Amino acid sequence: MEFGTIEREIHIDASPEVVFDVVSSPEHLREWWPDEAEFPAVPGGEGRIGFGNCAEGDGTWMRFTVVEAVPPRLFSFRWTHPEGEPAASGNSNLVVFALEPAGTGTLLRMTESGFRERGWDEAKIAAEYAEHTTGWDHYLPRLPTYAAKVGAGA
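FYI, the numbering used here numbers position 10 of the sequence shown as 12, with every residue one higher than the one before it.
Structure follows, in structure tokens:
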């Protein structure tokens, strides 16, 4: 296997403006992906996202740096980089949410890349790729339902 890029494409019954907010703001992100999210949604904004009960020390924090924020078309970020290092190609993965109008909704294309650029051996690349694939396959299906609720004003 190549293990280079994870790609997903989903249709969401909400406008690109709503979907952009849902994939870029910490308060919305927490509703469908991480348990915690703290970052400014502006290019260069640095923060973190957490999985599990981070407040009780029973979770995992991941560094998070916004790369691009172009409402309502594009939101991208780097994550998984080591503490004390700025996010860059070679030490982090790049996630891109590209949005385009599709009928009365939005077509979201998600890609995550950077696995091969990390300098890991093949076993580590395969394990990280598999873990992230499983994660996106779990979390992304939650996005359309939540975004549709937000779009409906629920």
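Idealized CB from N, CA, C, for every residue including glycine.
On a predicted model such as this, the values are computed, not experimentally measured, just so you know.
- Runs of the beta strand (DSSP E) lying entirely within the region 64 to 112 and spanning at least 3 residues, in chain order: 76 to 81, 95 to 104.
- Residue pairing by DSSP places Asp60 opposite Asn55 in a beta bridge.
- Annotated as distal: Arg80 and Phe99, with beta-carbon spacing of 9 Å or more.
- Across the structure, Asp60 and Arg50 are spaced so that their CA atoms are roughly 16 Å apart.
- By the Cβ neighbour-count rule, Gly153 is buried, with 16 or more other Cβ atoms within 10 Å of its own.
- Under the criterion of beta carbons closer than 8 Å, Thr7 and Ser115 qualify as touching, at roughly 4 Å.
- Apart from sequence neighbours up to five positions away, the residues of its chain that approach Arg10 with a beta-carbon distance below 7 Å are Met112, Trp138, Leu142, ordered along the chain.
- Straight through space, the alpha carbons of Met64 and His83 are spaced by roughly 8 Å.
- Sequence-distant partners of Arg118 (beyond 5 residues in either direction) whose C-beta falls short of 7 Å from its own C-beta, in its chain, are Phe5, Gly6, Ile127.
- Glu38 carries a strand assignment under DSSP once its states are collapsed to helix, strand and coil.
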